[in-house]
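Counting from 1, position 68 in the sequence shown corresponds to residue 970 in this note's numbering; the numbering is continuous, with no gaps. The structure under discussion appears below in the form of structure tokens.
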Amino acid sequence: MSRSSGSESKPFPPQVLSCKLLVDGYNLMYAIGYAQAADTRPKALESGRNRLIELLAEHLGPAANQTCIVFDAGDVAPKGLPKFYQKRSIHLLFSSDYLSADECIQEILQVHSNPKRLVLLSSDHSVQRKGTARGATIRDSEDWKQAMELLTDRTLNDKQPAEEALDPSKQNPNLSASDREKWLREFGF
903 MSRSSGSESK PFPPQVLSCK LLVDGYNLMY AIGYAQAADT RPKALESGRN RLIELLAEHL
963 GPAANQTCIV FDAGDVAPKG LPKFYQKRSI HLLFSSDYLS ADECIQEILQ VHSNPKRLVL
1023 LSSDHSVQRK GTARGATIRD SEDWKQAMEL LTDRTLNDKQ PAEEALDPSK QNPNLSASDR
1083 EKWLREFGF
């Protein structure tokens, strides 16, 4: 439900309506340890968003420009940021016209130009149900985490927190092009 009208759909930029990877931003940030539920300070969220964007851009390569991350925004996007912009080729959308990012993502799924070619990344069950109903490929945020761990040739154990395993600066610099291609195919690119 839109904030302003109750049920009227808001227009989305064309890049959002044709993306191939749609990500529930804060949902993924929490899953990989880039945000903590108890820490909602703007600087902490900004840091987590930036780390997530860097991580995805690094691993998606050219497919980054077919990716849209939706973040919760409350009434407005974070100070100094537009509602929609692009960073490291990834399209970013703050859900300020909606009550939540989940609601915004469900609306995107409803109006997406080709949902059957879309990979949806979210652990939210209502979002997953909508994606399934529209024919999208669904991946839980935890599945993405496992793919990242595999891609970076790291495994999690008690000595290595998820945050370290997923840190782009600590990735395997010898990641082959074939490994990257295999990973991109796994997620529908």
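The beta-carbon is built from N, C-alpha and C at its ideal position, and this holds for glycine as well.
Helix, strand or coil for residue i, going by three-state DSSP, please let me know.
{"i": "residue 968", "result": "helix"}
{"i": "residue 974", "result": "coil"}
{"i": "residue 928", "result": "helix"}
{"i": "residue 961", "result": "helix"}
{"i": "residue 923", "result": "strand"}
{"i": "residue 1031", "result": "helix"}
{"i": "residue 1016", "result": "coil"}
{"i": "residue 947", "result": "helix"}
{"i": "residue 917", "result": "helix"}
{"i": "residue 1008", "result": "helix"}
{"i": "residue 933", "result": "helix"}
{"i": "residue 1079", "result": "helix"}
{"i": "residue 1036", "result": "coil"}
{"i": "residue 983", "result": "coil"}
{"i": "residue 1093", "result": "This structure cannot settle anything about residue 1093, because the visible part of the chain is limited to 903 through 1091."}
Would you list the residues sitting across from residue i in a DSSP beta bridge?
{"i": "residue 1041", "result": "1023"}
{"i": "residue 992", "result": "989"}
Quick check: what's the CA-CA separation for residue i versus residue j?
{"i": "residue 1020", "j": "residue 1042", "result": "14 Å"}
{"i": "residue 900", "j": "residue 1018", "result": "The displayed coordinates of the chain run from 903 to 1091. Any statement about residue 900 would go beyond what the structure contains."}
{"i": "residue 943", "j": "residue 980", "result": "11 Å"}
{"i": "residue 950", "j": "residue 1037", "result": "30 Å"}
{"i": "residue 1004", "j": "residue 1080", "result": "34 Å"}
{"i": "residue 1066", "j": "residue 997", "result": "In this prediction, residue 1066 scores a pLDDT of 45, lower than 50, which makes its location untrustworthy; no coordinate-derived value is stated."}
{"i": "residue 939", "j": "residue 945", "result": "14 Å"}
{"i": "residue 1084", "j": "residue 932", "result": "26 Å"}
{"i": "residue 1000", "j": "residue 1027", "result": "18 Å"}
{"i": "residue 964", "j": "residue 976", "result": "31 Å"}
{"i": "residue 925", "j": "residue 982", "result": "22 Å"}
{"i": "residue 961", "j": "residue 912", "result": "31 Å"}
{"i": "residue 918", "j": "residue 988", "result": "11 Å"}
{"i": "residue 1058", "j": "residue 934", "result": "Here residue 1058 scores only 32 on pLDDT, less than 50, and its place in the model is too uncertain to base an answer on."}
{"i": "residue 1010", "j": "residue 914", "result": "8 Å"}
{"i": "residue 1034", "j": "residue 921", "result": "17 Å"}
How many whole angstroms separate the CB atoms of residue i and residue j, which I take to be in contact at a CB cut-off of 8 Å?
{"i": "residue 1008", "j": "residue 1029", "result": "6 Å"}
{"i": "residue 986", "j": "residue 927", "result": "In fact, because the Cβ distance is near 13 Å, the residues do not count as touching under 8 Å."}
{"i": "residue 954", "j": "residue 1023", "result": "Residue 954 to residue 1023, Cβ: 11 Å. No contact."}
{"i": "residue 956", "j": "residue 990", "result": "7 Å"}
Chain B beta carbons: is any one of them nearer than 9 Å to that of residue i?
{"i": "residue 1007", "result": "Among the chains of the structure shown, chain B does not appear; only one protein chain is present."}
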